[in-house]
Each structure stands twice: as structure tokens, then as C-alpha cells.
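A.B. asks:
2 protein chains.
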Amino acid sequence: MALDKIIRIHSPATVANMVCGFDILGFAVNEPYDEMRIRFTDSPGISIVNEDDYQLPTQPEKNVAGAALLALMEELDAPIGFELSICKQIKPGSGVGSSAASAAGAVVAANRLLQDRFSKEDLVRFAMNGEKLASGVKHADNIAPCIYGGVTLIRSIFPLDIIALTAPPLYVTIVHPQIEVRTSDARGILKQQVLLKDAIRQWGNIAGLVAGLLQSDYELIGRSLEDVLIEPVRSILIPGFDKVKKFSKEAGALGGGISGSGPSIFMLSENETTAREVEKQMKEVYESLSLAYHTYVTTINQSGVTFVEE
Amino acid sequence: MALDKIIRIHSPATVANMVCGFDILGFAVNEPYDEMRIRFTDSPGISIVNEDDYQLPTQPEKNVAGAALLALMEELDAPIGFELSICKQIKPGSGVGSSAASAAGAVVAANRLLQDRFSKEDLVRFAMNGEKLASGVKHADNIAPCIYGGVTLIRSIFPLDIIALTAPPLYVTIVHPQIEVRTSDARGILKQQVLLKDAIRQWGNIAGLVAGLLQSDYELIGRSLEDVLIEPVRSILIPGFDKVKKFSKEAGALGGGISGSGPSIFMLSENETTAREVEKQMKEVYESLSLAYHTYVTTINQSGVTFVEE
């Protein structure tokens, strides 16, 4: 056990749901990302050091990265100690997988210290404990793309079945209006029952989106980015949503919608020029609403959590 | 207008729904198929000649092939007459797209006489009028694969959006227990509302199935052939269903389920040996139930309705 070894990683933001793929689809982006460092300590347990201003809890069982590490340590046979330093750049509560980045980053980094003893699927399993802590639900649609990179399909949670989907180059524009939407609230307002005819429309779109990604058919991707079930309910929590969507599409975006449970909104475009024009439209909407916001123009991150050389 | 020209076609059976893809997925098979002939007549209108023993109505507006032809003729600007001869080999009510074969075959054949004036999508639109007559609902999950061949996704009915999905070689075993399940009854017993969590599981499977087909991943196809919404309700109408499914999978089938609205059951296999073993299991189930049945071992039909040389 090399006590002097330090692993540094970047853990990317992720967009879950991907409009019609509620709870089953997600993708990683190249910006923003959290920076983390991990090393062994000579006493067992987890010590968390926050290097940002978010004042997240440092008790392991109350911290999403800590909860994920605890799950990993439970499957280790030896008592072991980690010191984890976190510098978050993905704002908690923004809807682009801030908790997933912490949880996934922590276990990917720890696993490298442990000489890659666990599989990616194991790491997803551990990191889901962080999501459970953050939102009350073990979901993997941020965790999986954060660890695998690219677009991932979570066909099933129990048993866990993750499928990496190849996708053509896509530009992603994200706007984060600075309002708070709690994941638990966003889940709470969903209807537990849906009309079969709406569900059929939704799974037609999901099938179309998967086919569009795998066949590099941008038009099909665009036509399939329609959500008749979740978006009509959740979008009312996000001021400016309808305008952002309308103006983004008029500017040439293929389509998009709520990122995760919001409040961030993402739009996909075929090229950077369009993605920047979409950003401009988003800015205008939130300027006109006098609401603080932050935007990103980025691309799909194909590798997930990455290791950073000293 | 060549009055002496005769077009002969084979119109294939089709399997709609494909387990988890209720109302959106379907595929064509190489056996059984209907035989049809069409020619112009010198007086306008539609004349239908039955060359089989099913005693289906010959008034065009009461015959599914006639209803499809009527829709086609409505979009023609000239008064025109067709004589359509039908020798059905796909038993009506069997659940393998008998009405779709009649409706699709009629318009594909007529279109050839009309020098392919209409697109495939137009033909699907016309043929859906036959389905409306047969089941009360305009659905395309038999019509589309019958006309396009292969596996088709109907992302949306209004507007019509059909996507051909490439698939790896698959063997299909079908058993048709000789009981009657009316499509309208099979639709009637479905719940109009479903639990969101069940719908999520269903669309995870649909996404997995589409990915499995496009990535030629047989194991993923097998894992995704699960229907938590429709099969549990409809399968109670089909004696022997659970046994057929269990024994087929034990014999090596990837998976399968109700074909369309039943009573036929289909199973997919990776090779012919398994498909024949599955057939044996199906036969044993219905022998033990003393129920008449018919089986087919076939493959996916890649071309849809085919023209037969004189």
C-alpha cells in the first residue's frame, strides 16, 4: 500500500434522462467537471477535505462521495483509509449530475489506488449509494455515463444492465438558471400512473432516439427528442423553459429539454456554430427574465472520469 | 393502361409488438404468406375474388384488402378498376398479421400496376385503412414490416414515422394454437393506465432491444425481450402460454412472447437447430393440452411483399 501515491481525476458533469429516456439514458459532457484527489491514509476510515466553497458535509456517511466510498470499502476485506480532497466546479443542485460526479469520481479514483480491483459495473453499484443519499433513489443515469463516458443506456437497475451506445459527434449547450429545484421535489410532482397511449408514444421516441444515435441519423435524433410524460409536469418548475426550447430549436438545435430533474436545460446541435447560437438565445431569455444563469457549450465526453497526470 | 398485365405477389406474415415494443415494433417472416394477383379492369371499381376457403367478404368496403385499395383510389385522380384475386394462407385471427398481409399486398400490387406512383410510406397509410376495418384501430406495426421487410420501428403514427432497423440473422419459431382471440377483445382487456415504474422498465427493455438489434448483440436482445405491461394481461387468453415460454427458453431460445394480439406465440433463436428444438417443445405443450395447433420455423423476411414472375 503506497501511502505516498496520489490519484488525481476530473469527474464530468452528466445529463440524465435525455428528454424521452427518463431514468434510463444519460450522457457525459466535457465541461464542467469536478477535480478530486485521493490517497491512502495510515489509519482506516474516510477523511474528506473540501477545497471549494459549497460547504458540503465532510462526515463520510452524509457526503455523497463518502457514501460511495463506504460501499466500496464494505466489499474490501481489509481495513483501509482514504483521504479524499474535492474541489467541486459542478454546482450542487444544478441538474447536471453534481452528486454523481462526486460519487463516481471518488470510487473511480479509489479503485485506481486499489489497482483496478473492481469492474466499472461494481463502481456504478458503489456510486449509486451516493445518489441514494442525494435524492433518496438509487438511480444510475448520471453515474453510468460519468464512469463509462459517452451515452449510456441503463436497461435495468435490478439487475444492473448498462449498455454503452455509440453516438455521432454532438454539441451540447447547457443553461443553468440559478434557481433551486430539489431532485426529491422534482420526483415528488410526477404522477405515479400514466396513460398507456402516452407511454406508447414515449417508447416510440426512446426507440427512435436509440436508433438515431446508433445509426448517426441526426434528423431522427431530433424528431425523437420529445417527452410527453415528464417534461410537461416538471418544466413548470423552470422559468423560461418553453422560450429556451422554442428559440433554441428555431436557432437550429436538434432538440433538448430538462437536464436530469432540472433546473438546467440542455440542447443538442450538430455543429458548434449552432450550439453557440443556441447559447445566445438562452442568454437572452434569462437576461429578459432578470434571472442569474450560467451557460456551457461543450461536447459529449467519451471517456468519463479521467486521470490527470501530476 | 395495360389491361392484360397481371401482377402476382407474395405478402408475408408479420409479428407485431415484439414483446416489449407494443404498437411500435414488428417484423416480417418468410413463412407463411398470402398469394395475390391484381389486374386492371375496364370498368371502374374493385372486384375481389377469393381463391381460398375463408369466405371473407368480397364487398370492397368490408374487405381489408378492399378498404386499403379504396384509400389508394381516393388519392388517384382518374376513375380506375381493379380485379384482386386472393388466396390466403395466413389464417385470419391467428395473430401473425393476416389482415395486414391482405391490405399491404393489395396496395403494393396495385402500385406496381400504377408504375410505382406512390411511396412505401403512402402505401402504409393506405393499408392502415384495412387494419382500421379489421381491429378498429389504425396501427402500422404489421403493415410497415409487411411492406418494408425486416424489423421496423413505428416511432409515431401521427405523423407517420417508420424506421427500418437492421437486425442480425434470427430464426423464428411460431406456434398458432387453434383458438380464437379477437384483436378487439385483446385490446379491450388492456388497462388504459399503467404505473410509471412499469413503463420505465418497459422502455428500458425497448431501448435495449433496439440497441441489441442494431449492434447484433444476441444476449442483449434476449435480456430485453421482457414485457411487464401487456403480456401479463393478454397471456391469460392463451392456454399453454407460460409453458411454451418456459420450455422454449430452456431449449435455448433468446426469448419471445405473444405475436401481435395472439393467440400465436413466437420465439427467436440464434440458429436453426435451436429453432427446431423450440418447435418440438411447442408441439409437446399443445399435444398435452389436446389443442389443435400449427407451427412454423422460419427466418426474418428482409424484403416484405415480393413480386412473383409468371
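Residue numbers (this note's numbering), protein chains in the order written: chain G, 1 to 310; chain L, 1001 to 1310. Every residue gets a Cβ at the ideal spot worked out from N, C-alpha and C, and that includes glycine.
Around the C-beta of L:Val1172, are 16 or more other C-beta atoms found within 10 angstroms, so that it is buried, or is it exposed?
C.D. replies: Classification of L:Val1172: buried, given that the 10 Å Cβ count is 16 or more.
A.B. asks: Which stretch, first to last residue, makes up the beta strand (DSSP E) that contains L:Phe1040?
C.D. replies: 1025-1041 is the extent of the beta strand (DSSP E) around L:Phe1040.
A.B. asks: For the segment 128-160 of chain G, which residues have a beta carbon sitting closer than 8 Å to at least one beta carbon of chain L?
C.D. replies: If the cut-off is 8 Å between Cβ atoms, the segment 128-160 of chain G has Leu153, Ile154, Arg155, Ser156 near chain L.
A.B. asks: Take G:Gln193 as the anchor and find which of L:Ala1199, L:Lys1246, L:Leu1190 has the nearest alpha-carbon.
C.D. replies: Nearest option by C-alpha distance: L:Ala1199.
A.B. asks: Tell me which same chain residues have a C-beta within less than 6 Å of the C-beta of L:Ala1067, skipping the five on either side of it?
C.D. replies: Same-chain partners within the cutoff: Asn1129, Gly1130, Leu1133.
A.B. asks: From which residue to which residue does the beta strand (DSSP E) around G:Asn50 run?
C.D. replies: Its beta strand (DSSP E) spans residues 45-50.
A.B. asks: Using only CA atoms, which one of G:Lys283, G:Ser248, G:Gln302 lies nearest to G:Tyr293?
C.D. replies: Nearest C-alpha to G:Tyr293: G:Lys283.
A.B. asks: Suppose the cutoff is 6 Å on Cβ atoms and the five residues either side in sequence are ignored; what does the same chain contact list for G:Val175 look like?
C.D. replies: Once the five neighbours on either side are set aside, the close Cβ partners of G:Val175 are Ile265, Met282, Tyr293, Thr295.
A.B. asks: Below 8 Å, how does it come out for the segment 55-74 of chain G and the segment 1017-1030 of chain L: are there three or more Cβ pairs, yes or no?
C.D. replies: With a cut-off of 8 Å, the segment 1017-1030 of chain L and the segment 55-74 of chain G do not count as touching, because too few Cβ pairs lie within range.
A.B. asks: Sort G:Ile90, G:Glu121, G:Asp34 by Cα distance to G:Leu84 and report the nearest one.
C.D. replies: Of the candidates G:Ile90, G:Glu121, G:Asp34, the one whose C-alpha sits nearest the C-alpha of G:Leu84 is G:Asp34.
A.B. asks: Name the chain G residues whose beta carbon is nearer than 9 Å to that of L:Gln1215?
C.D. replies: Result: Ile163, Leu165, Thr166, Leu214.
A.B. asks: What does DSSP give as the partner residues of G:Glu7 in its beta bridges?
C.D. replies: According to the sequence provided, residue 7 of chain G is Ile. The question's Glu does not apply to it. G:Ile38.
A.B. asks: Quick check on L:Tyr1054: does DSSP put it in helix, strand or coil?
C.D. replies: L:Tyr1054 falls in the coil class under three-state DSSP.
A.B. asks: Quick check: does the Cβ of L:Glu1284 come within less than 7 Å of any heavy atom belonging to the ligand SAM?
C.D. replies: Among the components of this structure there are no ligands whatsoever, and the ligand SAM is therefore not found.
A.B. asks: Quick check on this structure: which residue in L:Gly1212, L:Ile1189, L:Thr1298 has the alpha carbon closest to the alpha carbon of L:Leu1165?
C.D. replies: Minimum Cα distance to L:Leu1165 is reached at L:Gly1212.
A.B. asks: Would you grab the beta carbon distance between L:Ser1224 and L:Asn1205 for me? Rounded to a whole angstrom, and I think it's under 8 Å.
C.D. replies: About 5 Å separates the two Cβ atoms, so the contact holds.
A.B. asks: With a threshold of 16 other CB atoms inside 10 Å of the CB of L:Tyr1286, please say whether the residue is buried or exposed.
C.D. replies: L:Tyr1286 should be labelled buried.
A.B. asks: Return the residues of the segment 1176-1196 of chain L that lie within a Cβ-Cβ distance of less than 9 Å from chain G, sorted by chain order.
C.D. replies: Hits within the stretch, in order: Leu1190, Lys1191, Gln1192, Gln1193, Val1194, Leu1195, Leu1196.
A.B. asks: Quick check: what's the CA-CA separation for G:Ala207 versus G:Pro79?
C.D. replies: In a straight line, the C-alpha of G:Ala207 is about 46 Å away from that of G:Pro79.
A.B. asks: Can you list, in chain order, the stretches of the alpha helix (DSSP H) that have 4 or more residues and sit fully within the segment 1088-1168 of chain L?
C.D. replies: As far as the segment 1088-1168 of chain L is concerned, its whole alpha helix (DSSP H) runs of at least 4 residues are 1098-1113, 1120-1135, 1143-1148.
A.B. asks: Pull up the CB-CB distance for G:Ser269 and G:Gly252, whole angstroms please, since I reckon it's below 8 Å.
C.D. replies: At roughly 6 Å, the Cβ-Cβ gap stays under 8 Å, so G:Ser269 and G:Gly252 are in contact.
A.B. asks: At 8 Å on the CB atoms, spell out the chain A contacts of L:Asp1227, in chain order.
C.D. replies: Looking for chain A here will not work: the only protein chains present are G and L.
A.B. asks: Which term fits G:Val49, buried or exposed, when burial requires 16 or more other beta carbons within 10 angstroms of its beta carbon?
C.D. replies: It is exposed - the Cβ of G:Val49 has fewer than 16 other Cβ atoms within 10 Å.
A.B. asks: When we look at the beta-carbon of L:Val1124 and count the other beta-carbons within 10 Å, is it buried (16 or more) or exposed?
C.D. replies: Burial call: buried.
A.B. asks: Nearest to L:Ser1011 by alpha carbon, out of L:Asp1004, L:Cys1020, L:Met1036, L:Met1018?
C.D. replies: Comparing Cα-Cα distances from L:Ser1011 to each of L:Asp1004, L:Cys1020, L:Met1036, L:Met1018, the minimum goes to L:Met1036.
A.B. asks: DSSP on G:Ile258, reduced to helix/strand/coil?
C.D. replies: If DSSP states are grouped into helix, strand and coil, G:Ile258 belongs with the strands.
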